[in-house]
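The letter at position 93 of the sequence shown is residue 93 when you use full-length UniProt numbering, and the numbering goes up by one with no holes.
Note that CB positions come from ideal geometry on N, CA and C, so glycine has one too.
The structure displayed is predicted, hence computed values, not measured ones.
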Amino acid sequence: MITLHHVAASRSFRTLWLLEELGLPYEVKTYKITDGSLRDPAFLEISPAGRVPALEMGEQVVFESQAITQVLCEAHPEASLAPDLGDAERVSYLQWLSFAETQASIIASLNLQMVFLRPPAKPSVVVLKLEVARLKATLYPLEQTLASQDWLLKTGFSAADTMLGFNLFAIKHFVHLDDFPHVRAYMERMKERDAFQRAQEKDGAQEFYDREFYAPEDFA
Ligand SMILES: N[C@@H](CCC(=O)N[C@@H](CS)C(=O)NCC(=O)O)C(=O)O
């Protein structure tokens with residue numbers, strides 16, 4: 001049996017979506033970021049840094065979404081969601097897998113500063129502006145790639161796309177996507193997938209964002 005350790009609207013959505021794409025049976029154990037459950041000793045046995053996603057597959061436990069993605073794709077080659085060693089798209093695939101974390105690390109920083117930090121603690125507007133600019137910079141390579149193809153790989157949908165499933169739906173709280181029509185169309189294509197819709201139903205309600213858009217100026 002597979003168990004996904006999950007927080008709604010977090011990076012573990014990547015794994016939730018991939019499990020649905022693979023059509024595997026699994027159960028979900030849901031945590032909250034703010035109630036200390038990710039620091040529970042029993043959870044730390046599974047995910048030593050107290051992060052989600054973590055995946056139990058029988059005796060095997062895997063943490064880190066990128067590793068989970070790879071392990072699941074290797075266990076299910078019949079799904080053809082990851083190019084094999086030697087495949088012409090293998091390098092692109094590996095780059096996009098890592099790229100997802102480059103982007104997500106900036107989202108996490110903005111979440112921390114604009115969403116989780118509570119008064120009297122106050123973020124620096126200058127740092128916020130820099131982080132938003134850095135986040136926006138990560139959208140240009142996506143926009144360029146998606147101008148000529150529907151998915152991150154030329155050959156079509158792959159597990160690399162599931163890695164961006166969390167990112168893009170969080171980014172829109174910090175960067176207006178008007179300048180990125182191909183990224184917006186890509187998000188619509190994601191939403192049209194049955195597996196994405198099933199994952200969304202199982203995701204649970206997000207509990208962090210209390211407004212649609214966070215602008216650095218709001219924190220002056
Ligand atoms: N590189 C890790 C990052 C995991 C991560 O930081 N997840 C966040 C949720 S998006 C988390 O568990 N945060 C809890 C915390 O920071 O205490 C991965 O891709 O799995």
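Bridge partner(s) assigned by DSSP for residue i
i	result
T3	E27, E56
L153	G156
V132	The partner list for V132 (beta bridge, DSSP) is empty, contrary to what the question assumes.
F63	A54
Residue from the options with nearest C-alpha to residue i
i	options	result
G58	E27, A170, A137, I107	E27
A199	H5, I2, E21	E21
A67	E78, H76, P77, L55	L55
D194	V7, H182, I2, L19	L19
L97	V175, R211, L85, S65	S65
L24	A79, V7, R51	A79
F174	Q206, T162, L110, Y186	L110
A100	G204, H182, L139	L139
Y209	D150, T3, T34	T34
D150	R184, P48, I2	R184
G204	L16, K172, T3, T162	L16
I107	R134, G50, L177	R134
P141	A49, T162, D40, T102	T102
A104	P41, A121, P48, I171	I171
Contacting residues, own chain, Cβ-Cβ under 7 Å from residue i (five flanking each side not counted)
i	result
P123	Q113, M114, L117, F219
T145	L152
F213	H173
E131	I106, S109, L110
G50	L38, R39, F43, L44
Y93	A82, P83, L153, S158, A160
K136	V175
V71	V62
K202	L16, V28
8 Å Cβ shell around residue i - same chain, five flanking residues per side excluded
i	result
I46	H5, A54, E56, V61, F63
S37	Y31, F43
V52	H5, H6, V7, S10, R11, S12, Y31, L38
A147	H182
R189	D150, W151
K29	T3, L4, H5, H6
H176	F213
D84	P77, R90
E217	V125
Q197	K191
Same chain, Cβ closer than 6 Å to residue i, neighbours up to 5 away in sequence not counted
i	result
C73	L81, A82, A159
residue 235	Because the chain spans 1 through 220 in this model, residue 235 falls outside it and cannot be assessed.
M187	L168
T162	R14, W17, L18
T211	Reading the sequence as shown, one finds Arg at residue 211 and not Thr. Taken in chain order, the list of residues that qualify is empty.
Residue-chain proximity (residue i, chain D), Cβ-Cβ < 8 Å
i	result
Q103	Absent from the structure is chain D; it holds one protein chain and no more.
Practice task
Report yes or no: do three or more beta-carbon pairs, one from the region 11 to 18 and one from the region 161 to 178, lie closer than 8 Å?
Solution key: yes
Problem - Three-pair Cβ contact test at 8 Å for the region 151 to 165 versus the region 119 to 138 - result: no
Exercise for the section: Note down, one range per segment and in chain order, each alpha helix (DSSP H) of at least 4 residues found wholly within the UniProt domain "GST C-terminal" (86 to 213). Expected result: 90 to 110, 125 to 137, 139 to 146, 159 to 171, 181 to 192, 194 to 203
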